[in-house]
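Participant:
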Amino acid sequence: MSVPLAEPAESVRADELTRRLRRDPVDQQARKALADHYRLVGGPYQMRDWAVVDYGLSRYDFSDRLYRAQSIQGSSGYFVVVGSAASFGATSPITYADLLADRLGLTAVNLGQAGAGFKFYLNWLHADFQSVIDGAEFVIVEIMSPRSLSNSRFRLSDGLASAFDLHDGGRVVRPLQVYQRLAQSGHWDEFHALREENEAIYLRQIAEFLGRLRVPSVVTYFSRAAPEDRVIVDSPGWIRAGQVFPHFVTNDLFARIELAHGQVCRAITKDGVSLAIDRFTFQPTKWWNGRNDQTYYPNPMQHINAARQIARELAARGLGLRL
């Protein structure tokens, strides 16, 4: 079976600038040139976080998007990760996919994408992408947010975080922000109607995606908090189930996923912190939020814990074993 090969997105120019900054971390001309390079290359997190994390982005033949994925050229075996920014490892120098790859002696094909939902991956299920999935030893499927899908109000063109708001002249919005505004303005009937509609669509999409897999899958809940019993507003206008990845996955929805698809691997921990340290000066700096720390995305300790939990699940099922 022919499997597309990952090719580095980093250029020789970027390597030269990186070496230059390691020799002289305060070389402002080199810093500006490297920032311009990452803006040209693309990838939302690499453009934003380049001074803190080098995500080592790669490109596969089946898509023009950039991934935090290893090359499978010459690999003796690989597994695939399907997920959102959490699996991508935004802000983290390591990911659970990398750690599992080292532990299992396999290559990690990490296809995590910013704001991805199941529709994003269903759109990919053509021959080339299906061949990558079919060639894997197993697939780790992150429980992604029900916000990243089309419904009676929103139309997502690609299954990612942004959508066209049909109630606002087709303006491009982020649905999570609209849900928060509905809560702030007290429009609970519309809020709950959309959320219930989302859950029904979401359950159909996860069933369709898992039904297309021909290799074993490990469905994983990766978060710093267990699912809420309900969508809670515990401070003015802030939806707690919309504050923690994966957004709007309530305990009831989680239970319905397990009922339909079997036990979910729970990778939950509040340990650790994501500190922004400039990778050239080794001095504290700031994330996009203006702070030196962030709790929105999983931190390195959470990735380490996730790798441990998923490794236990794989061992229990006899997956990923190298003889």
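At position 38 of the sequence shown (counting the first as 1) the number is 37 in numbering that gives the first Met the number 0, and the numbers step up by one without a gap.
Each residue gets a CB set at the ideal place from its N, CA and C atoms; glycine is no exception.
Taking the straight line between their C-alpha atoms, what separation do you get for residue 104 and residue 173?
Facilitator: Between residue 104 and residue 173, the C-alpha separation is close to 39 Å.
Participant: Name the one or two DSSP bridge partners that residue 281 has.
Facilitator: Note: residue 281 sits in no beta bridge, so no partner.
Participant: In whole angstroms, give me the CA-to-CA distance for residue 195 and residue 128.
Facilitator: 31 Å
Participant: When the Cα of residue 111 is compared with those of 79, 193 and 125, which residue comes out closest?
Facilitator: 79
Participant: Out of 121, 212, 180 and 293, which has the shortest C-alpha to C-alpha gap to residue 323?
Facilitator: Any answer about residue 323 is impossible in this case: the structure gives the chain only from 0 up to 322.
Participant: How is residue 292 classed by DSSP in three states: helix, strand or coil?
Facilitator: DSSP places residue 292 in the strand class (E or B) of the three-state scheme.
Participant: By DSSP's criteria, residue 164 is part of a beta bridge. Which residues make up the other side?
Facilitator: 153 and 170
Participant: Please say whether residue 89 and residue 277 have beta carbons closer to each other than 7 Å?
Facilitator: For residue 277 and residue 89, no; Cβs fall outside 7 Å.
Participant: From the DSSP output, which residues share a beta bridge with residue 141?
Facilitator: 219
Participant: Around the Cβ of residue 116, are there at least 16 other Cβ atoms within 10 angstroms (buried) or fewer (exposed)?
Facilitator: buried
Participant: Tell me which same chain residues have a C-beta within less than 6 Å of the C-beta of residue 33, skipping the five on either side of it?
Facilitator: 16
Participant: Straight-line CA distance for residue 312 to residue 287?
Facilitator: 35 Å
Participant: Quick one: Cα of residue 83 to Cα of residue 67, how far?
Facilitator: Rounded to the nearest angstrom, the two C-alpha atoms are 12 Å apart.
Participant: Per DSSP, what kind of secondary structure is residue 240 in: helix, strand or coil?
Facilitator: Note that residue 240 scores 45 on pLDDT, short of 50, meaning its location in the model is unreliable; the coordinates nonetheless yield the value given after this. In this structure, residue 240 counts as helix in the three-state DSSP scheme.
Participant: How long is the line joining the alpha carbons of residue 306 and residue 95, rounded to whole angstroms?
Facilitator: 5 Å
Participant: Whole angstroms is fine: what's the gap from residue 45's alpha carbon to residue 263's?
Facilitator: As the crow flies, the alpha-carbon of residue 45 is around 31 Å from that of residue 263.
Participant: For residue 244, which of 57, 113 and 182 has the nearest alpha-carbon?
Facilitator: A check of alpha carbon separations from residue 244 across 57, 113 and 182 identifies 113 as the nearest.
Participant: Taking DSSP as the reference, what is the three-state secondary structure of residue 77?
Facilitator: strand
Participant: Does residue 151 pass the burial test, meaning 16 or more other C-beta atoms within 10 Å, or should it be called exposed?
Facilitator: exposed
Participant: Rank 273, 118 and 268 by C-alpha distance to the C-alpha of residue 207 and give the top, closest one.
Facilitator: 118
Participant: May I ask you to report which of helix, strand or coil DSSP gives residue 192?
Facilitator: helix
Participant: Does DSSP put residue 93 in a helix, in a strand, or in coil?
Facilitator: coil
Participant: Tell me the rounded alpha-carbon separation between residue 227 and residue 248.
Facilitator: Approximately 7 Å, taken between the alpha carbons.
Participant: Would you report the Cα separation of residue 42 and residue 296, rounded to the nearest angstrom?
Facilitator: 16 Å
Participant: In chain order, what residues of the same chain have a beta carbon less than 7 Å from the beta carbon of residue 99, not counting five sequence neighbours either side?
Facilitator: 107, 306, 309 and 310
Participant: Quick one: what does DSSP say residue 273 is sitting in, helix, strand or coil?
Facilitator: Of the three classes helix, strand and coil, the one that applies to residue 273 here is strand, per DSSP.
Participant: For residue 148, which option in 217, 159 and 246 has the closest C-alpha, if you only look at C-alpha atoms?
Facilitator: 159
Participant: Does the distance from the CB of residue 301 to the CB of residue 271 come in under 7 Å?
Facilitator: When the beta-carbon positions are compared, residue 301 and residue 271 come within less than 7 Å of each other.
Participant: With DSSP as the reference, label residue 122 as helix, strand or coil.
Facilitator: In the three-state reduction of the DSSP assignment, residue 122 falls in the coil class, being assigned neither a helical nor a strand state.
Participant: Helix, strand or coil for residue 298, going by three-state DSSP, please let me know.
Facilitator: coil
Participant: Cutting at 7 Å between CB atoms, please list the residues of its own chain near residue 304, excluding the five before and the five after it.
Facilitator: 266, 268 and 270
Participant: Taking DSSP's pairing of strands, which residues face residue 250 in a bridge?
Facilitator: Per DSSP, residue 250 has no beta-bridge partner at all.
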